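In the numbering used here, the protein residues as written are 138 to 382.
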């Protein structure tokens with residue numbers, strides 16, 4: 138994947154460090170971490186998080202832009218990312234851009250990898266503030282102008298509405314609200330599914346950890362990874378109540 142960084146101000150530069158910007162949801166953050174691991178940059182990364190006010194009426198305000206939500210309901214100090222996770226910093230576009238500029242001569246360009254709706258204004262602001270010093274990758278379609286990022290990595294199904302089959306299934310008056318509106322450009326990489334951390338090392342470690350339990354079972358084995366609970370699907374109790382197969 139090194140070819141993604143060729144061209145522009147990074148033509149003669151080697152990226153040796155990364156910043157991951159998350160939104161607190163494993164489904165989004167794991168994709169960013171998976172990309173950084175695949176690029177061999179894990180251990181040379183800093184993790185930041187964009188935190189929204191939560192609880193009570195805030196659950197009804199998630200449709201608001203992050204900046205407006207924070208103005209309406211200021212974020213208490215104990216709710217910041219760093220307060221909850223000391224090793225995770227609260228994402229600040231100005232601070233990250235300034236760090237990238239100040240350390241560029243010694244450390245080279247900074248790879249910024251972000252995923253999730255609330256990370257979009259932060260990652261695009263970093264690109265705007267330090268265009269010569271960063272390479273910004275936005276994972277999942279940002280539902281905004283793609284030229285705000287160096288690279289967009291998104292599942293192929295995001296572009297299904299543009300296919301003949303998709304246009305035949307989606308009413309014309311809804312198409313303008315279905316993203317994207319244009320075919321993928323040169324800075325878009327399409328994936329069959331979501332990025333993840335299940336690389337060779339992770340699978341080998343899992344095989345070792347589960348060996349005692351899986352060894353007595355008849356072959357072949359089919360392993361199904363169904364993820365974990367999400368905001369609109371908290372099925373932890375349901376899974377625990379399911380009978381063993």
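We put the CB at the ideal spot given by N, CA and C, even for glycine. Predicted model only: the values in this text are computed from it and were never measured.
What residue does the beta strand (DSSP E) around residue i start on, and which one ends it?
{"i": "residue 159", "result": "155-159"}
{"i": "residue 328", "result": "325-328"}
{"i": "residue 341", "result": "Looking at the DSSP string, residue 341 is not in any beta strand (DSSP E); the run it does join, the alpha helix (DSSP H), is 337-346."}
Just tell me which of the options has its CA closest to the CA of residue i.
{"i": "residue 321", "options": "351, 192, 153 and 299", "result": "299"}
{"i": "residue 204", "options": "325, 230 and 264", "result": "230"}
{"i": "residue 278", "options": "270, 254, 258 and 342", "result": "254"}
{"i": "residue 256", "options": "189, 171 and 325", "result": "189"}
{"i": "residue 161", "options": "237, 267, 178 and 191", "result": "191"}
{"i": "residue 294", "options": "262, 331 and 283", "result": "331"}
{"i": "residue 287", "options": "301, 302, 296 and 270", "result": "270"}
{"i": "residue 177", "options": "338, 345, 361 and 284", "result": "338"}
{"i": "residue 165", "options": "199, 259, 362 and 275", "result": "275"}
Would you mind reading off the limits of the alpha helix (DSSP H) that contains residue i?
{"i": "residue 173", "result": "163-175"}
{"i": "residue 304", "result": "301-306"}
{"i": "residue 312", "result": "309-312"}
Run through DSSP, which three-state label would residue i get?
{"i": "residue 214", "result": "Because the pLDDT at residue 214 is just 49, under 50, the model does not fix this residue reliably, and the point stays unresolved."}
{"i": "residue 354", "result": "coil"}
{"i": "residue 183", "result": "strand"}
{"i": "residue 201", "result": "coil"}
{"i": "residue 206", "result": "helix"}
{"i": "residue 349", "result": "helix"}
{"i": "residue 195", "result": "helix"}
Once you ignore the five residues that flank residue i on each side, which residues in its own chain have a CB closer than 6 angstroms to its CB?
{"i": "residue 248", "result": "152, 155 and 272"}
{"i": "residue 172", "result": "250 and 332"}
Who are the Cβ neighbours of residue i in its own chain at under 8 angstroms, not counting the five residues just before and after it?
{"i": "residue 304", "result": "298 and 312"}
{"i": "residue 350", "result": "none"}
{"i": "residue 358", "result": "351"}
Of all the alpha helix (DSSP H) runs that stay within the bounds of the segment 226-299, which reach a length of 4 or more residues?
230-239, 241-244 and 257-266
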